[in-house]
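Participant: Using the numbering used here, you'd call the opening residue of the sequence shown number 11 and step up by one each time.
Handing you a structure now.
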Amino acid sequence: MWRIIGPALLFSGAAIGTSHLIQSTRAGAVYGLGLMGVIALACILKYPAFRFGVDYGHAARRSLVHGYRELGLWAPIVFACFAILVVPVIYAALASATAGIAIAVFGFDIAVPLLALIVLSAAGAVLLIGGYDWLDLINRVLVAFLVVSTLLVTAFVLPRVDWSTIGALGWVSDPGAILFVVALAGFMPNPLDVSVTTSMWIAEAESREDKDHQSGLADARRAFASGYIMTAFLALCFCVIGAGVMHADGIAPETSAPGFAQQIIALYSSTLGESAALLASVAALSVMTTTVLAALDIGGRHVASVWQQTVGTQTEAQFTHVYRIAIPLLIAFTAAVLYAFTSSFTAMLDLATSAAFVGAPVIASLNHLVVTRCSMPEEARPSNAFRALNLFAIAVMTSLAIAYFVL
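In structure tokens, the structure reads:
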């Protein structure tokens, strides 16, 4: 059972870092509870596309990229183009956030881009040496650590929250706010390309179980749903934390990574006290490290899987070989982005999350086609209700993506 829970926790670990710790906190700091509905709606609308990754990964014991190839060569190429454009920016944002928190916690006298590159390199070394097993083990410990501290902080700030802001809709007429909403939704609770890696994690977790102990599809769906609900709830918690501390005191989010990290630490300190704040700060650093690990693993798996499907090589050895080449290449591309966006951390973050949102309807459409047209057991296909919800989500995300370009 632990094997099937692992992918759900990996999903949570990938989500909590940027979309929760940073974007949800910013949403609460700037708009109070006014964007809680956006956070909840984004999580609901994206759920079917993520669940399709679980369905296909468990039923076919393969990644969604294999299903994309079954649709035609165009599908994995479209997915690859999206990943190539977006992934280095995402990595740069994640690594910068992690570096900023490390500087704030430990007082390192080092430039953010350089420390971010060190963080990425260390994460790459962990993945190349330990692979999925190390990632799974480290993630379980660190996610549990941050969940407990986040729930404690949320409980402490509840009396300070201005609950009247939960119905505030003034942001609807503000073009700048709409752009932030798109950025917020892009990573909420995860960028949709994580559905592809979820299918890989599911397939790998199942392959490590004895045939007599492999879980059923219902168990896999239930485990993922539990992790997803926890992830969505934590997103709301971080929004409440931002609203209860920063918005209540009129504190505007800093644009630099170390500056924003200092605000996060001060946020914990003002609610839990100095000693507990140190523990919570280390937890925040831990979960950002987990997010970097998970994200880097995601990118490596994407590259290796797309390579397999386009050149027609299906062996595990070839997958591992391409994965080991992809990790250092992705780090190298990210280094260029890091030094291109040294002036504004939040601008880089908003670019990454907005790009993820713009690509979301494309990936949701591909996932829909895979689970409705590609080879898989009929009982594993989604219900009509799930199909309808995903089509509605695609329409909403497409409309917002168009609005993003118009604005």
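Idealized CB from N, CA, C, for every residue including glycine.
Which residues in the same chain have their Cβ closer than 8 Å to the Cβ of L179, if we skip the five residues on either side of it in sequence?
Facilitator: As a first step, residue 179 is located in the sequence shown; it is residue number 169 there, counting from the start. The residues are G44.
Participant: For V250 versus T175, is the C-beta distance shorter than 7 Å?
Facilitator: The residue labelled residue 250 in the question sits at position 240 within the sequence shown. The residue labelled residue 175 in the question sits at position 165 within the sequence shown. No, they are not a contact pair.
Participant: For V64 versus I308, is the C-beta distance shorter than 7 Å?
Facilitator: Taking the sequence shown and counting its residues from 1, one reaches residue 64 at position 54. Taking the sequence shown and counting its residues from 1, one reaches residue 308 at position 298. No, these two residues do not count as a Cβ contact at 7 Å.
Participant: If you reduce the DSSP assignment to three classes, tell me which class S225 lands in.
Facilitator: Along the sequence shown, one-based indexing puts residue 225 at 215. Three-state result, S225: coil.
Participant: Measuring CA to CA, which of A195, I404, N394 and G77 is closest to D360?
Facilitator: Walking along the sequence shown from the start, residue 360 turns up at place 350. The residue with the shortest Cα to Cα distance from D360 is A195.
Participant: Return helix, strand or coil for G38, following the three-state DSSP convention.
Facilitator: The residue given as residue 38 occupies position 28 in the sequence shown. Helix.
Participant: Cβ atoms of V316 and Y66: under 7 Å apart, would you say?
Facilitator: As a first step, residue 66 must be located in the sequence shown, where it is residue number 56. As a first step, residue 316 must be located in the sequence shown, where it is residue number 306. No, Cβ-Cβ distance for Y66 and V316 is not below 7 Å.
Participant: If contacts are defined as beta-carbon pairs under 8 Å, then M256 and L277 qualify, I think. What distance do you get, rounded to the angstrom?
Facilitator: For this step, residue 256 is matched to residue 246 along the sequence shown. For this step, residue 277 is matched to residue 267 along the sequence shown. Indeed, because the Cβ distance is near 7 Å, the residues count as touching under 8 Å.
Participant: Alpha carbons only, please: which of H68, H312 and G186 is nearest the one belonging to E388?
Facilitator: The sequence position of residue 388 within the sequence shown is 378, counting from 1. E388 has its Cα closest to that of H68, out of H68, H312 and G186.
Participant: Give the list of continuous alpha helix (DSSP H) stretches no shorter than 4 residues that lie fully inside the region 54-81.
Facilitator: If we require 4 residues or more, the alpha helix (DSSP H) runs fully inside the region 54-81 come out as 74-81.
Participant: Is it a yes or a no for the region 130-138 touching the region 328-340, going by three-plus beta-carbon pairs under 8 Å?
Facilitator: As far as the Cβ criterion goes, the region 130-138 touches the region 328-340, which means the pair count is three or higher.
Participant: In whole angstroms, what is the alpha-carbon distance linking S34 and T356?
Facilitator: Residue numbering aside, residue 34 sits at position 24 when the sequence shown is read from its first letter. Residue numbering aside, residue 356 sits at position 346 when the sequence shown is read from its first letter. Their backbone Cα atoms lie some 13 Å apart in a straight line.
Participant: Which of the three DSSP states, helix, strand or coil, is assigned to M11?
Facilitator: Stepping through the sequence shown from its first residue, residue 11 is reached at position 1. Note that M11 scores 47 on pLDDT, short of 50, meaning its location in the model is unreliable; the coordinates nonetheless yield the value given after this. Reduced to three states, the DSSP call for M11 is coil.
Participant: Could you compute how far the alpha carbon of M11 sits from the alpha carbon of A52?
Facilitator: As a position in the sequence shown, residue 11 is number 1, starting the count at 1. As a position in the sequence shown, residue 52 is number 42, starting the count at 1. In this prediction, M11 scores a pLDDT of 47, lower than 50, which makes its location untrustworthy; the coordinate-derived value is nonetheless stated afterwards. About 29 Å.
Participant: So what's V171 in DSSP terms, helix, strand or just coil?
Facilitator: Reading the sequence shown from its first residue, position 161 is the one you call residue 171. Here V171 sits in coil by DSSP.
Participant: Could you check how far apart the C-beta atoms of F343 and P98 are, in whole angstroms? I think they sit under 8 Å.
Facilitator: Along the sequence shown, read from residue 1 onward, the residue named residue 343 stands at position 333. Along the sequence shown, read from residue 1 onward, the residue named residue 98 stands at position 88. About 4 Å; that satisfies the 8 Å criterion.
Participant: Compare the C-beta of A370 against all C-beta atoms of chain B and say whether one is closer than 7 Å.
Facilitator: Checking the listed chains, one finds no chain B in this structure; it contains a single protein chain.
Participant: Rank L156, L104 and F60 by C-alpha distance to the C-alpha of A294 and give the top, closest one.
Facilitator: Looking up residue 294 in the sequence shown gives position 284. Taking only the C-alpha atoms, the option nearest A294 is L156.
Participant: Mind reading off the beta-carbon distance from S217 to L74? Whole number of angstroms is fine, and I expect it under 8 Å.
Facilitator: By one-based count along the sequence shown, residue 217 stands at place 207. By one-based count along the sequence shown, residue 74 stands at place 64. Not quite, the Cβ-Cβ distance comes to about 16 Å (not below 8 Å), so this is no contact.
Participant: How far does the alpha helix (DSSP H) with L401 in it extend, from its first residue to its last?
Facilitator: Residue numbering aside, residue 401 sits at position 391 when the sequence shown is read from its first letter. Unbroken alpha helix (DSSP H) run through L401: N394 to V416.
Participant: State the Cα-Cα distance for the pair G237 and I373, rounded to the nearest angstrom.
Facilitator: The count along the sequence shown starts at 1 and reaches residue 237 at position 227. The count along the sequence shown starts at 1 and reaches residue 373 at position 363. Distance between the alpha carbons of G237 and I373 is about 21 Å.
Participant: On the criterion of 16 or more Cβ atoms from any shown chain inside 10 Å, does M46 qualify as buried, or is it exposed?
Facilitator: Position 36 of the sequence shown, counted from the first residue, corresponds to residue 46. With 16 or more Cβ atoms within 10 Å of its Cβ, M46 is classed as buried.
Participant: Using a threshold of 7 Å, state whether the C-beta atoms of A258 and I49 are closer than that.
Facilitator: Within the sequence shown, numbered from 1, the residue matching residue 258 stands at position 248. Within the sequence shown, numbered from 1, the residue matching residue 49 stands at position 39. The answer is no: Cβ separation not under 7 Å.
Participant: Where do the ends of the alpha helix (DSSP H) carrying T207 lie?
Facilitator: By 1-based counting over the sequence shown, the position of residue 207 is 197. Run containing T207: V204 to S217, per the alpha helix (DSSP H) assignment.
Participant: Consult DSSP for D307 and reduce its assignment to one of helix, strand or coil.
Facilitator: Sequence index remark: in the sequence shown, residue 307 carries index 297 (1-based). D307 falls in the helix class under three-state DSSP.
Participant: Quick one: residues in its chain with C-beta nearer than 7 Å to the C-beta of A90, no 5 flanking neighbours on either side, listed in chain order?
Facilitator: Here the question's residue 90 lines up with position 80 in the sequence shown. Counting only Cβ-Cβ distances below 7 Å, and skipping sequence neighbours, we find V316.
Participant: Give the straight-line distance between the Cα atoms of G310 and Y333, rounded to the nearest whole angstrom.
Facilitator: Residue 310 sits at position 300 when you count from the first residue of the sequence shown. Residue 333 sits at position 323 when you count from the first residue of the sequence shown. Their Cα atoms are separated by approximately 5 Å.
Participant: Output the distance between the C-alpha atoms of A441 and A327, rounded to the nearest integer angstrom.
Facilitator: Outside the modelled stretch of the chain, which goes from 11 to 417, sits residue 441, for which no answer is possible.
Participant: Nearest-angstrom Cα distance between L168 and G252?
Facilitator: Mapped onto the sequence shown, residue 168 falls at position 158. Mapped onto the sequence shown, residue 252 falls at position 242. Rounded to the nearest angstrom, the two C-alpha atoms are 11 Å apart.
Participant: Specify the secondary structure class of D360 as computed by DSSP and reduced to three states.
Facilitator: For the purposes of this step, residue 360 is identified with residue 350 of the sequence shown, where counting begins at 1. The answer is helix: DSSP assigns D360 an H, G or I state.
Participant: Give me, in chain order, the residues of the same chain whose beta-carbon lies closer than 6 Å to that of V347; leave out the 5 immediate sequence neighbours on both sides.
Facilitator: Locating residue 347 in the sequence shown gives position 337, where the first residue counts as 1. Closer than 6 Å at Cβ, skipping near neighbours: P98, V99 and A102.
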